[in-house]
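Just so we're aligned: the sequence shown equals residues 24 to 131 in our numbering.
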Amino acid sequence: MSKTAIDTQELGEKIVRVLKTIYDPEIPVDIYELGLIYDVFVNEDNEVKILMTLTSPNCPVAETLPVEVEEKVKSLDIVKDAEVEITFDPPWSQDLMSEEAKLELGLL
């Protein structure tokens with residue numbers, strides 16, 4: 024594996040750890056386990072793009088959550104820049120939640 028691939032993977036894991044510190048205010052589960060993060064792209068310049076959704080378009084944190092995600096990811100020393108793109112395609116559903124999140128919310 025090339026050094027870049029290892030670094031990118033390592034950075035991806037660091038980003039996931041950061042994402043797991045961000046919570047939806049209405050649900051006591053982090054946004055990663057909730058399934059709100061659809062994809063994380065990292066290029067060789069360590070610029071990060073995160074494709075995510077919200078539990079609903081009129082989610083009370085629709086304005087602030089993407090900014091929080093962007094700022095926390097940018098706070099990683101190795102990240103040069105971060106951008107968050109919100110999508111509702113596909114729309115979020117409980118099926119996207121991890122087993123852990125479903126257990127936490129008593130859905131299993």
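Ideal Cβ placement from N, Cα and C applies to all residues, glycine included.
{"Asked": "Beta strand (DSSP E) runs wholly inside the region 38-126, at least 3 long, in chain order", "Found": "60-65, 70-75, 104-109"}
{"Asked": "Sub-8 Å separation of residue 99 and residue 77 beta-carbons", "Found": "no"}
{"Asked": "Burial state of residue 88, where buried means 16 or more other Cβ atoms lie within 10 Å", "Found": "buried"}
{"Asked": "Per-residue burial, residue 108 [other beta carbons within 10 Å of its own, 16 or more giving buried]", "Found": "exposed"}
{"Asked": "Within 8 Å, strictly: CB atoms of residue 49 and residue 123", "Found": "no"}
{"Asked": "Whether residue 110 touches residue 65 by CB criterion (8 Å)", "Found": "no"}
{"Asked": "Local Cβ density within 10 Å of residue 85, reported as buried at 16 or more and exposed below that", "Found": "exposed"}
{"Asked": "For residue 129, the three-state DSSP class (helix, strand or coil)", "Found": "coil"}
{"Asked": "Neighbourhood of residue 119 by C-beta distance below 7 Å, restricted to the same chain and skipping five residues each side", "Found": "58"}
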